[in-house]
C-alpha cells in the first residue's frame, strides 16, 4: 500500500515537472537555438561549425584547430556577457560563473584526452560547444531586449 | 466498443502512422529508430487486442492474456526506447560503457524481482498481483525517464526536439503509472465505480504523447535544423529593422574591443 502511494506521489510530481518543462521548452525553443546560431554567424563565431564538424566525426588531427576556435569564441562571448547590454558591467551571473569554470575544466579534460583518449577529448569539445551555445542564446535574448528598449526610448 | 473507445483507437493508430511518416520524411527515422519501433508496437498491440476482443469477448481468458501480454511487451519496448535516447545523448561520452553496464544490471534486477513475485503468487495471478506488476513496470519506465532528464540537464543537451520527445515519453509513463497505482490504492468498490474514468487514462496518455511527438517533429527544430534555418536568407520585418541595426552596431563595437583586449 505504502509502495503504491509512494509510486503515485512520485509519478504525479514527475508528471507535473514534465508538463511544465514541455511548455517551457516549446516556448523557449521557438527561436532560442536559431537565435544562438544566427548570433554566432552575425559575429563570425565558429562554434556551430565546430559542432557540425564534431557531428561529422572530425579526426583527432583537427581537434587542435577546433579547440582553438572554441577558445576564441569563448573570449568573445564572455566579453560580451560582461560588457554588452548589461547593468552588471564586468561581472558574470552565478550561473555564468559556473559555466565559465566548467568550460575551463573541459579545456583541462581536453588536454588530458588529447594525450590519452580521443574519445575524452571529443566529449570535452562537445561540452565546451554546449557552454558556448548557452552563452550565445543568453546574449541573443539580452541584445534583443536591449534593442527593443532602445527603440522604445 | 463505445464511441470514445473508437475515437481513441483510431486517433492512436493515425498518430502512430503520422509519427513514423514524419520521422522518415524529416530524415530522423534512424536517429529515433527505437521510438518508431515502440510506436509500431503500440499499433500492433491495439490490433491484437481488437482481434481478441472481437473473437473471444472481454471476459475471456484469451483476451486477458492478449491484453496484459501486449501491454507488458509495450512497456518493455518503452524502457528500451528510453535507453536508446541515452545512447543518442551519450554517443560522444566516455560514460557510455558504464551506462550500458548499469542498465544491464538494472534490468536484471527488475526481471529477478518480477520473477520472484510472480512465481510465488501463481495462485493469485488473476488478482491484484497483475496490477502490482504493471504498476512496477510502468514505474521502472518513469524512473528511467527521470534518470534521462537528469542526464540531459547535466550534459546541457541543446536539442529542444529531443527534449520534447523525452518529456512526452515521461509524461505518458507517469500518467499510466498513476493509473495503475490508483487502481491498487482505491478500495475495490470505488475502483469499480470509477472504472468509467480510469479506463481512458492509459489510451489518453498514449494519444497525448504521440500528439506531442508529432508536434515536436513538425514544429520544434533539432540542433541540425536550427543551423540549416540560420543559413537560409531572411526577410527582416519592418518593426525589427531598427533592432537588427542596433544589434550590429553594438556587437561590432564590443567585439572590436574584445579583439583589441585579447
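Protein chains in written order, with our numbering: chain A, 686 to 838; chain B, 2 to 263.
Here a beta-carbon is modelled for each residue, glycine too, at the ideal position from N, C-alpha and C.
Note that the coordinates shown come from a computational prediction; the quantities given were computed from them, not determined experimentally.
| query | result |
| --- | --- |
| If you run the structure through DSSP and keep just helix, strand and coil, what is residue 813 (chain A)? | helix |
| Could you give the residue range of the alpha helix (DSSP H) that holds residue 210 (chain B)? | 202-220 |
| Give me the Cα-Cα distance between residue 162 (chain B) and residue 45 (chain B), rounded to the nearest whole angstrom. | 26 Å |
| For residue 710 (chain A), would you say it is in contact with chain B, using Cβ-to-Cβ distances shorter than 7 Å as the test? | yes |
| Anything in chain A within Cβ reach of residue 147 (chain B), meaning under 7 Å, just list it in chain order. | 699 |
| How should residue 168 (chain B) be labelled, buried or exposed, when 16 other C-beta atoms within 10 angstroms of its C-beta is the threshold for buried? | buried |
| Since residue 215 (chain B) meets chain A, which of its residues come closer than 8 Å, beta carbon to beta carbon? | By Cβ distance, chain A contributes nothing, its closest Cβ being about 13 Å from residue 215 (chain B), past 8 Å. |
| Residues of chain A with CB closer than 9 Å to the CB of residue 183 (chain B), please, in chain order. | 689, 693 |
| For the segment 140-169 of chain B, which residues have a beta carbon sitting closer than 9 Å to at least one beta carbon of chain D? | Looking at the structure shown, chain D is missing, and the protein chains on hand are A and B. |
| Mind reading off the beta-carbon distance from residue 215 (chain B) to residue 82 (chain B)? Whole number of angstroms is fine, and I expect it under 8 Å. | Actually they do not touch by this definition, with Cβ atoms about 16 Å apart. |
| Can you tell me where the alpha helix (DSSP H) holding residue 28 (chain B) begins and where it ends? | Run containing residue 28 (chain B): none; DSSP gives neither H nor E here. |
| Put residue 63 (chain B) into one of helix, strand or coil per three-state DSSP. | helix |
| Mind listing the chain B neighbours of residue 686 (chain A)? Cutoff is C-beta to C-beta under 9 Å, in chain order. | 185, 186 |
| Distance, Cα to Cα, residue 47 (chain B) vs residue 187 (chain B)? | 27 Å |
| Taking the continuous alpha helix (DSSP H) assigned at residue 735 (chain A), which residues delimit it? | 732-740 |
| Interface residues of chain A around residue 62 (chain B) at Cβ under 8 Å? | Within 8 Å Cβ-Cβ: nothing; residue 62 (chain B) doesn't reach chain A, min ~26 Å. |
| Residue 72 (chain B) to residue 719 (chain A), Cα distance in whole Å? | 40 Å |
| Please list the partners that residue 136 (chain B) has in chain A, where partner means a Cβ-to-Cβ separation under 8 Å. | 689, 692 |
| Run down chain B in chain order and give the residues with a C-beta less than 7 Å from the C-beta of residue 704 (chain A). | 172 |
| Among B:183, B:182, B:100, which one has its Cα closest to the Cα of residue 145 (chain B)? | B:100 |
| For a cutoff of 7 Å on Cβ pairs, would you count residue 778 (chain A) as touching chain B? | no |
| If we cut at 7 Å on Cβ distances, does residue 209 (chain B) have a partner in chain A? | no |
| Measuring only between beta-carbons, confirm whether residue 239 (chain B) sits less than 7 Å from chain A. | For residue 239 (chain B), the predicted structure reports a pLDDT of 36, less than 50, and the residue's modelled location is therefore unreliable. A value from the coordinates is still provided. It does not; no Cβ of chain A falls within 7 Å. |
| Determine, using beta-carbon pairs with one atom in the segment 744-751 of chain A and one in the segment 17-37 of chain B, whether at least three such pairs fall under 8 Å. | no |
| Within 8 Å, do at least three Cβ pairs link the segment 813-829 of chain A to the segment 724-736 of chain A? | yes |
| Please look up how many angstroms separate the CB atoms of residue 730 (chain A) and residue 809 (chain A), rounded, as I've assumed it's under 8 Å. | 19 Å between Cβ atoms; not a contact. |
| Between the segment 798-821 of chain A and chain B, which residues of the former have a C-beta closer than 8 Å to a C-beta of the latter? | 802, 804, 805, 807, 808, 811, 812, 815, 816, 818, 819 |
| By DSSP, does residue 33 (chain B) sit in helix, in strand, or in coil? | coil |
| Determine the DSSP secondary structure at residue 168 (chain B), reduced to helix, strand or coil. | helix |
| Just reading off the alpha helix (DSSP H) that residue 194 (chain B) is part of, what are its end residues? | 189-194 |
| In the segment 88-118 of chain B, which residues sit with their C-beta less than 8 Å from some C-beta in chain A, listed in chain order? | 93, 94, 95 |
| Determine the burial state of residue 783 (chain A): buried for a count of at least 16 other Cβ atoms within 10 Å of its Cβ, exposed for fewer. | exposed |
| Tell me, to the nearest whole angstrom, how far the beta carbon of residue 759 (chain A) is from that of residue 817 (chain A); I am working on the premise that it is less than 8 Å. | 6 Å |
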